[in-house]
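Asks: From first to last, the protein sequence lines are chains A and B. Read in our numbering, the first sequence has 29 at position 29, and its numbers run on one by one without any break. Read in our numbering, the second sequence has 1182 at position 182, and its numbers run on one by one without any break.
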Amino acid sequence: MATTYSEISSNKWRTVVVMTLFVAAIIGLGYVFGIALRLPWLLPLAIVIAIVQSFSSYWWSDKVALAISGAHQIDKAQAPELYRLVENLSIASGLPMPRVYIVDDPSPNAFATGRNPQHAAIAVTTGLLGKLTKPELEGVLSHELSHIGNYDILLSSVVVVLVGFVVLLSDFFLRYTFWFGGGRRRNSDSGGGQTGAILLLIGIVLAILSPLFAMLIQLAISRRRELLADASGALLTRNPNELASALEKITADPGSMRHVNKATAHLWIASPLHDTRGKKRSWFSGLFDTHPDPAVRIKRLREMAM
Amino acid sequence: MVAFWTVLVIVVVLVLAFVGLYNGLVRRRNRVQEASSDIDVQLKRRYELIPNLVNTVKGYATHEREVFEKVTELRAGLLTGTTAEKINTSNQLTETLKSLFAVAENYPELKANQNFLALQADLTDTQDKIMAAQRFYNANVRDFNTAIQVFPTNLIASMMGFSAFEFIEATPTETQNVNVQF
Chain A
1 MATTYSEISS NKWRTVVVMT LFVAAIIGLG YVFGIALRLP WLLPLAIVIA IVQSFSSYWW
61 SDKVALAISG AHQIDKAQAP ELYRLVENLS IASGLPMPRV YIVDDPSPNA FATGRNPQHA
121 AIAVTTGLLG KLTKPELEGV LSHELSHIGN YDILLSSVVV VLVGFVVLLS DFFLRYTFWF
181 GGGRRRNSDS GGGQTGAILL LIGIVLAILS PLFAMLIQLA ISRRRELLAD ASGALLTRNP
241 NELASALEKI TADPGSMRHV NKATAHLWIA SPLHDTRGKK RSWFSGLFDT HPDPAVRIKR
301 LREMAM
Chain B
1001 MVAFWTVLVI VVVLVLAFVG LYNGLVRRRN RVQEASSDID VQLKRRYELI PNLVNTVKGY
1061 ATHEREVFEK VTELRAGLLT GTTAEKINTS NQLTETLKSL FAVAENYPEL KANQNFLALQ
1121 ADLTDTQDKI MAAQRFYNAN VRDFNTAIQV FPTNLIASMM GFSAFEFIEA TPTETQNVNV
1181 QF
């Protein structure tokens, strides 16, 4: 179990690092845009936003992630079979019972979120409940519970809020520059126009780069984690074959998810963005995958079973 | 003088290592004991569900005294003995309940009784939960036993009287379903 404990502390550290980088990036963006657009109030605003955002990403990221995905909470009476499976697996793994959510979507998928095992939630789609057998569903749930036990959920949920925000922010400023930036420059005197233009250019470059960086962070944290959660999930049920066949069904499903969102893509057990699944592509486009190749995951699970 | 300080440093390091390892063992042992009480919680729940079930079935199937007696007898065993014994009793109870549920097949009214169906589901579920709690217990026992067997913790363990816990083994009826090994 030493691996689990080191995984937990590594996740906590990474969360701190990601939050710090985020705060630094937002303040940096605020500074650059503030000078480029000649809005002196932008820097203090950015500082306030960065701090508020970091706190809220810790406390409410799970609610944001669940709301974006259109998940609604269920109790034992509404879905006794699912609820019992989660209950039994949390007993077997020694974790507190997480909240259980259902997402109304025919595409089979699942995710876990929350800041710690005491405040965790598992969400599954109606498609998952309909298309998997009970042991397969158990395999998927044990994978999600492993994410909870390893504190993967903390890091990946914080990233939902922070990344979602970075994307939103640079979108906003890019638009702002186009609509109002030009007008402003005409009104001002020509002195300092050159530095203004250079900073504006930097601003635009940053606006283009920031979602890209946000994406890289998102990818860096999720792929190895999926393999680890597959392994510890299989250890929990002692049945890697069921999780493997669940993954086969999930990746083979032709339907795309209705609530696809770039900010939450990395949370799901299999990529909800359908075009990124299964096909042969160059290593470069592989760099931007949120999930490891499902074929690799299935192969590893099958090997465990032998 | 140098020798004195060297000895002192070595002694301090040894004492600190001892304290750290000893505390680690105590923590792991407590985890095993906690896991064992988790099993008891589930056994207790099963114990409390059974009278309801027996009473519901009695209302319809009055002639099945033998099964009722067996169930009642086994129920008492859920709360006495070692954890392994209690689990064993619970497994036997599961088998007996199967024959009780088979009896119910002969009584269409009982089969349609919502209360009976809910109890049946609950009892099956408690058995799943007992098995889950048992798996968690075994995982903790494995960690504890490994800890007291590896060097250098084994020295402290034998000095301070830590002894290995026993795994709760699956009974033959359970192993039939398990087809995967690591």
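Note that the Cβ used here is the ideal one computed from N, Cα and C, for glycine as well.
1. Within its chain, find whatever has a CB closer than 7 Å to the CB of R1028 (chain B); leave out the 5 residues flanking it on each side and keep chain order.
2. Taking one C-beta from the segment 33-53 of chain A and one from the segment 1093-1103 of chain B each time, how about it: are there three or more such pairs within less than 8 Å?
3. From the beta carbon of R99 (chain A), is the nearest beta carbon of chain B less than 7 Å away?
4. Along chain A, which residues have their Cβ under 7 Å away from the Cβ of R1135 (chain B)?
5. Along chain B, which residues have their Cβ under 9 Å away from the Cβ of N150 (chain A)?
6. Once the 5 residues before and after N11 (chain A) are set aside, which same chain residues still bring their CB inside 8 Å of it?
7. At what residue ranges does the segment 1061-1106 of chain B contain a whole run of the alpha helix (DSSP H), taking only runs of 4 or more?
8. What three-state label does DSSP hand H291 (chain A) in the structure shown?
9. Counting beta carbon pairs with one atom in the segment 1153-1163 of chain B and one in the segment 1021-1038 of chain B, are three or more of them shorter than 8 Å?
10. Relative to the C-alpha of S293 (chain A), which candidate in A:V163, A:L227, A:L201 and A:A25 has its C-alpha closest?
11. Can you check whether the C-beta of D1122 (chain B) is within less than 7 Å of a C-beta belonging to chain A?
12. List the residues of chain A that D1040 (chain B) touches, going by C-beta distances under 9 Å, in chain order.
13. Check distances from the C-beta atoms of the segment 1022-1047 of chain B to those of chain A and list, in chain order, the residues that come in under 9 Å.
14. Assuming A77 (chain A) and Y101 (chain A) make a contact with CB atoms under 8 Å, what is their CB distance in whole Å?
15. How should G1024 (chain B) be labelled, buried or exposed, when 16 other C-beta atoms within 10 angstroms of its C-beta is the threshold for buried?
16. What span of residues does the beta strand (DSSP E) with F111 (chain A) cover, start to end?
17. Out of B:F1151, B:P1152, B:I1130 and B:T1153, which one is the CA nearest neighbour of E1169 (chain B)?
18. Can you say whether V1013 (chain B) is buried or exposed, counting buried as having 16 or more other CB atoms within 10 angstroms of its CB?
19. What's the C-alpha gap between L267 (chain A) and A112 (chain A)?
20. Take A1003 (chain B) and list the residues in its own chain whose beta-carbon comes closer than 6 Å to its own, dropping the five residues that flank it on each side.
21. Pop quiz: T1083 (chain B) and I1050 (chain B) are said to be a contact at Cβ under 8 Å. What is the actual Cβ separation, rounded to whole angstroms?
22. Out of B:I1010, B:V1041 and B:K1058, point me to the one whose CA is closest to K1111 (chain B)'s CA.
23. Note down, in chain order, every chain B residue with its Cβ under 8 Å from the Cβ of R84 (chain A).
24. Pick helix, strand or coil for W41 (chain A), following the three-state DSSP scheme.
25. Identify the residues that DSSP records as bridge partners of Q73 (chain A): which are they?
26. May I ask you to list the residues that DSSP assigns as paired with R268 (chain A)?
27. How would you write the range of the beta strand (DSSP E) that A123 (chain A) sits in, first residue to last?
28. At the level of alpha carbons, what is the spacing between E1064 (chain B) and R1075 (chain B)?
29. Could you name the residues of chain B that L89 (chain A) contacts, counting a contact when the two beta carbons are closer than 8 Å?
30. Would you be able to state if there are at least three C-beta pairs under 8 Å between the segment 140-149 of chain A and the segment 108-125 of chain A?
31. Rounded to whole angstroms, what is the Cα-Cα separation between E1066 (chain B) and I8 (chain A)?
32. Taking the Cβ atom as the reference point for each residue, do P272 (chain A) and A265 (chain A) lie within a distance shorter than 7 Å?
33. How is the alpha helix (DSSP H) around P106 (chain A) delimited, first residue to last?
34. Quick one: what's got a C-beta closer than 7 Å to A65 (chain A)'s C-beta in the same chain, skipping five residues either side?
35. Under the assumption that V140 (chain A) contacts L132 (chain A) (Cβ atoms under 8 Å), give the Cβ distance between them as a whole number of angstroms.
Replies: Concretely, from the data shown:
1. D1143, F1144 and A1147
2. no
3. no
4. Neighbours of R1135 (chain B) on chain A, chain order: A92.
5. Result: empty, since nearest Cβ-Cβ is about 15 Å, beyond 9 Å.
6. N150, Y151, D152, L154 and L155
7. 1065-1077 and 1083-1104
8. coil
9. yes
10. Here residue 293 (chain A) is Asp; the residue named in the question, Ser, does not match the sequence. Checked all of A:V163, A:L227, A:L201 and A:A25; the closest Cα to D293 (chain A) is A:L227.
11. Using a CB distance cut-off of 7 Å, D1122 (chain B) does not count as an interface residue toward chain A.
12. Near D1040 (chain B) there are no residues of chain A at all, since even the closest Cβ is about 13 Å away, more than 9 Å.
13. R1031, E1034, A1035, D1038 and Q1042
14. Contact flag wrong, Cβ pair sits at about 15 Å.
15. exposed
16. Segment A110 to G114, the beta strand (DSSP E) holding F111 (chain A).
17. B:I1130
18. exposed
19. 7 Å
20. none
21. With 8 Å as the limit, T1083 (chain B) and I1050 (chain B) do not qualify as a contact, their Cβ atoms being about 19 Å apart.
22. B:K1058
23. D1125 and D1128
24. coil
25. A:Y101
26. Reading off the sequence shown, one finds Trp at residue 268 (chain A), where the question assumed Arg. Bridge partners of W268 (chain A): A:F111.
27. A120 to T125
28. 17 Å
29. A1132
30. yes
31. 53 Å
32. Yes, these two residues count as a Cβ contact at 7 Å.
33. Per DSSP, P106 (chain A) belongs to no alpha helix (DSSP H) and is neither H nor E.
34. T113, S157, V160, T264 and L267
35. Correct: roughly 7 Å between the Cβ atoms.
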